[in-house]
């Protein structure tokens, strides 16, 4: 698989303070790559360097085969950027605004296609001032796509959205993935990253702590799968000890087991239940590690 972005040994200092301390990562062509981290971790600085808006102190950066520091104009013809906040003429209508934006590019994307991708076809004649927050954010996406870019940067695309607006924006981003676009996403919503990203990178203290799929990140963070069920009365009154190998912990009337490998643990649990005539274990559930679990473990040292 080809590489859209390659960063090696990236450093950045402000007034003698080192913000980025040797950042390394790659973004594959056609994937949604999410950059996560607490405030002050260096996410915005990293993205601004990739976009060509900020000069780095050291290291090498290649974006679509170009150094954004040396070739910013050529690079911007091939990238789209959605900032946290964008402003538009309030009286303009959706289609005319997108169409005028297309005029800035030599090979713009078809107008009707743009509106369809961002799910604004039915709103093409609506004035900007009458759009909801979610519709405006999808309009941002349409403008970022006007030049048919190969790479799109999305900065906190759903901040402040209601659940329905978030899901409509997610659908638009998934449409972009289906078109083969490479997307670099920054967000504070871990469920959003888990839903959209093919891979995530966690940036903390100016360094990348880990890169990989959600499952890989959770495994590397040491977060275990949780198996839960309502404890039978025999276990609660102490007449039937739970299997020692599962290290069950009682939480009120709930029994909880944490396991690195859920399959063997679940089989052991069901074998124990059958051998002791417990029948089906009530409310049995298997909770796989989430990105939030892994993030909290890596960034704060706590499990969710």
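Residue numbers (the working numbering): 1468 to 1771. Just so you know, even glycine gets a beta-carbon here, dropped at the ideal spot from N, CA and C. Predicted, not measured: the structure shown is a model, and the values here were computed from it.
Selection from the options that minimises the alpha carbon distance to residue i
i            : options                : result
residue 1483 : 1524, 1514, 1518, 1472 : 1524
residue 1629 : 1656, 1614, 1715       : 1656
residue 1491 : 1752, 1518, 1760, 1529 : 1529
residue 1647 : 1499, 1604, 1578       : 1499
residue 1518 : 1651, 1712, 1729, 1753 : 1651
residue 1489 : 1747, 1732, 1676       : 1676
residue 1603 : 1725, 1706, 1562       : 1562
Within 8 Å, strictly: CB atoms of residue i and residue j
i            : j            : result
residue 1672 : residue 1764 : no
residue 1745 : residue 1699 : yes
residue 1649 : residue 1617 : yes
residue 1662 : residue 1680 : no
residue 1619 : residue 1516 : no
residue 1512 : residue 1487 : yes
residue 1678 : residue 1758 : no
Span separating the alpha-carbon of residue i from that of residue j
i            : j            : result
residue 1544 : residue 1614 : 7 Å
residue 1502 : residue 1751 : 35 Å
residue 1607 : residue 1549 : 6 Å
residue 1719 : residue 1636 : 41 Å
residue 1570 : residue 1586 : 21 Å
residue 1469 : residue 1495 : 6 Å
residue 1471 : residue 1522 : 19 Å
residue 1771 : residue 1703 : Since pLDDT at residue 1771 reaches only 46, below the 50 mark, its modelled position is unreliable, and no value is offered.
residue 1592 : residue 1560 : 5 Å
residue 1582 : residue 1514 : 27 Å
residue 1735 : residue 1611 : 53 Å
residue 1670 : residue 1485 : 14 Å
residue 1531 : residue 1627 : 32 Å
residue 1621 : residue 1668 : 15 Å
residue 1474 : residue 1741 : 54 Å
residue 1715 : residue 1725 : 8 Å
For residue i, three-class secondary structure by DSSP
i            : result
residue 1476 : strand
residue 1621 : strand
residue 1641 : helix
residue 1771 : Confidence at residue 1771 is low in this model, with a pLDDT of 46, below 50, so its placement is unreliable and the value that follows should be read with caution. Three-state result, residue 1771: coil.
residue 1604 : helix
residue 1593 : coil
residue 1615 : coil
residue 1761 : helix
residue 1780 : This structure cannot settle anything about residue 1780, because the visible part of the chain is limited to 1468 through 1771.
residue 1510 : helix
residue 1567 : helix
residue 1586 : coil
residue 1469 : coil
residue 1633 : helix
Integer-rounded CB distance, given that residue j should sit under 8 Å from residue i
i            : j            : result
residue 1691 : residue 1756 : 7 Å
residue 1595 : residue 1624 : Going by Cβ atoms, the distance from residue 1595 to residue 1624 rounds to 18 Å, so no, they are not a contact pair.
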